[in-house]
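Protein chains in written order, with this note's numbering: chain A, 24 to 130; chain E, 24 to 130. Even for Gly, the Cβ is constructed at its ideal location relative to N, Cα and C. Because the structure is a prediction, the values reported are computed rather than measured. Accompanying notes for the structure given below.
Protein chains: 2
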Amino acid sequence: MNDLFFKLTASYLKALSHPTRLKIINILKEKELCVCVILEKLDLEQSNVSQHLRVLKEQNIVESRRDGSKIMYKVKDRNVFFILNKINDSLLKQLSETQDQLKKGGL
Amino acid sequence: MNDLFFKLTASYLKALSHPTRLKIINILKEKELCVCVILEKLDLEQSNVSQHLRVLKEQNIVESRRDGSKIMYKVKDRNVFFILNKINDSLLKQLSETQDQLKKGGL
DNA sequence: TTATGATATTAGAAAATTCTAATATACTTA
DNA sequence: TAAGTATATTAGAATTTTCTAATATCATAA
């Protein structure tokens, strides 16, 4: 396990670690969509969304192609859904543990 | 899928997205260790390591207990290893795709 | 060939993260 | 109880990320 490996892994994780980027991945879960449709679903500045898309693309998490005047994006690395599901598991487990502790505490 | 869920997921990912924190998780993979031993393996400032440990603890990824004058840390959320392995897969896949493209290109 | 629509890029301000250095806390031993 | 050891916390500087606003690019339609 060398430094480069940890750096690359951290970069990948960093690309995922923003609510807007997670939303984008979720929006693209089922199908390829143009930026215009992604924009409609996000209520954010166009340039901001474009920047977030770039971050995801730089990590090869999504990919894009031109279709006429539109740019179509889709999830390239479907592993992300696996990863996000696992995190979901962790968060739910934490939640139930917190609830258990509250019960123990008597309140 | 609401905003809070994406925020929580992003926070979890952010806690993981630093090389030092990934190293710490790796160091703690097999066993519980005191901060002093973690420090030995990292060659970083004590306060810096302490701060990284706190970030991991805040996300319930690691947990700690006092043992005399030492504080022992261990990985609480073993899901992380699953997540990190998946990311490892993604990175290796990307690497082999890059190699394929270089071959195609003729060089 | 000009105007328009879709998207990307850039510049810079604002916010968040990270690091270092200093100090505080808590346990142990003399 | 004083000194030493282990770890946490704090303050502030440095760096990185994020956002907004403006501008650039490129394909299409007129």
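- The C-beta of S40 of chain A comes closer than 9 angstroms to at least one C-beta of chain E.
- In the assembly as shown, S113 of chain A is a buried residue. Its beta-carbon has 16 or more other beta-carbons within 10 Å.
- Taken through DSSP and simplified to helix, strand or coil, E81 of chain E comes out as helix.
- In the three-state reduction of the DSSP assignment, E55 of chain A falls in the coil class, being assigned neither a helical nor a strand state.
- Excluding five sequence positions before and after E86 of chain E, the CB atoms of its chain that fall closer than 6 angstroms to its own CB belong to K99, given in chain order.
- Listed along chain A, the residues sitting closer than 7 angstroms to Q117 of chain E by beta-carbon distance are N83.
- At least one CB atom of chain E sits nearer than 9 angstroms to the CB of I106 of chain A.
- Counting only Cβ-Cβ distances below 9 angstroms, D100 of chain A has contacts in chain E at S113, K116, Q117, in chain order.
- For K99 of chain A, the three-state secondary structure derived from DSSP is coil.
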